[in-house]
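My numbering puts the first residue of the sequence shown at 3, with every later residue one more than the last. Presented below is the structure to which this report refers.
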Amino acid sequence: MNRVDPLTVMAPLTNALIPVAATPQVGVCGLCRTGVAPDFTRCHSCHEAASLDPPGILPITLSVGGGLIHQHLWQYKNHDREEVRERTGTLLAALTAVFLNHHAECIGEWDYCTTVPSVRRIAMEPIVRRVQRLRDNYKPVLRARDGDGARVLNPEQFDVTDVEAGDRVLLLDDTFTTGAKMFSAVAAIRSRGGVVVGPVVIGRHIQRQWPPSSQLLEWLEQRTWNVDRCARCAGELRSGTMFGK
Ligand SMILES: [Zn+2]
Ligand SMILES: [Zn+2]
3 MNRVDPLTVM APLTNALIPV AATPQVGVCG LCRTGVAPDF TRCHSCHEAA SLDPPGILPI
63 TLSVGGGLIH QHLWQYKNHD REEVRERTGT LLAALTAVFL NHHAECIGEW DYCTTVPSVR
123 RIAMEPIVRR VQRLRDNYKP VLRARDGDGA RVLNPEQFDV TDVEAGDRVL LLDDTFTTGA
183 KMFSAVAAIR SRGGVVVGPV VIGRHIQRQW PPSSQLLEWL EQRTWNVDRC ARCAGELRSG
243 TMFGK
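Structure below.
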């Protein structure tokens, strides 16, 4: 497996990937790049995290509710058949590896990577395990505490161990939905003096039914996801004027 080109391995996913928009741009959240109404620069979740001044999220693709990427992001950890978990995990790991290889400069330098855990499990571990660059520099510094604070921005939902001031921590998660966990993790790492790098998420989850997201998808779905482009180095720009429709 290690000898196989990850670009070949991820090929079955390619047509389902949706490129991510550049920011700042009308109709795009400046932090997580979901769709927003034209007079907003942040989505609700990112607005809630404004006091934290979090770094911009770097999604590999948009993940539309019910779409293939969304299904894979669920199946690799939840499917009851091991072969399905195995197959989808391998695809997503190859996608992640390709992205890390092509956008190391966009992501920035990091000392070790860590993932956003839930109380029950560290969902992304099956992917980290399959990507050598992550596996070799993996440090699970966050532990989710029991309790019900997980849906709001609350750094207290994590115990932080083994982060020293100045550590550059690549923060990873498979899905960004409300961002509450991701932003809480950012705050928790920073509370120990760590510098958050990335944060890289595989899929920025969006709902087609939400009008600003459907407007965003209208033009992004016309584009082809390209391995050499990410939201930071070459995010998609809506054609025509940057203002108005
Ligand atoms: Zn946002
Ligand atoms: Zn890039």
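Every residue, glycine too, gets a C-beta built ideally from N, C-alpha and C. All figures in this text were calculated on a predicted structure; none of them were measured in a lab.
Of the listed residues the options, nearest to residue i (C-alpha basis)
| i | options | result |
| --- | --- | --- |
| VAL198 | THR117, GLY237, ILE208, ASP148 | THR117 |
| ASN156 | VAL133, GLU50, PRO214 | GLU50 |
| GLN277 | GLY37, MET12, THR25, GLN27 | The requested residue 277 does not occur in the structure, where the chain is confined to residues 3 to 247. |
| LEU97 | ARG44, LEU19, TRP76 | LEU19 |
| VAL203 | ALA39, ILE109, ARG89 | ILE109 |
| ARG123 | GLU111, ASP148, THR226, GLY196 | ASP148 |
| VAL22 | ARG240, CYS232, SER241 | CYS232 |
| ALA125 | HIS105, ILE62, LEU174 | LEU174 |
| ARG5 | PRO14, ARG89, GLN134, ARG192 | GLN134 |
| ASP7 | ALA99, LEU64, PRO61 | ALA99 |
| MET12 | ARG83, VAL66, PHE101 | PHE101 |
| GLY200 | ARG87, CYS115, ALA167 | CYS115 |
Range covered by the alpha helix (DSSP H) that runs through residue i
| i | result |
| --- | --- |
| ARG234 | 233-236 |
| PRO40 | Taken as a continuous stretch (DSSP letters only), PRO40 belongs to no alpha helix (DSSP H), as it is neither H nor E. |
| ARG132 | 127-132 |
| LEU9 | 8-11 |
As assigned by DSSP and simplified to three states, the class of residue i
| i | result |
| --- | --- |
| THR16 | helix |
| ALA52 | helix |
Exposure label - residue i; buried when at least 16 CB within 10 Å
| i | result |
| --- | --- |
| VAL154 | exposed |
| ASP41 | exposed |
| HIS1 | The structure shown does not extend to residue 1, since the chain is modelled only from 3 through 247, so no value can be given for it. |
| HIS74 | buried |
Run of the beta strand (DSSP E) containing residue i, from where it starts to where it stops
| i | result |
| --- | --- |
| THR63 | 60-66 |
| ALA146 | 144-146 |
| THR177 | 170-178 |
| GLY161 | Correcting the residue type first, residue 161 is Asp in the shown sequence and not Gly. Counting along the chain, the beta strand (DSSP E) containing ASP161 begins and ends at 160-162. |
### Every unbroken beta strand (DSSP E) inside the segment 181-221 [3 residues or more]
As far as the segment 181-221 is concerned, its whole beta strand (DSSP E) runs of at least 3 residues are 197-208.
### Query
What runs of the alpha helix (DSSP H), each 4 residues or longer, lie entirely inside the segment 72-116?
Taking only runs of at least 4 residues, the alpha helix (DSSP H) segments lying wholly in the segment 72-116 are 84-104, 106-109.
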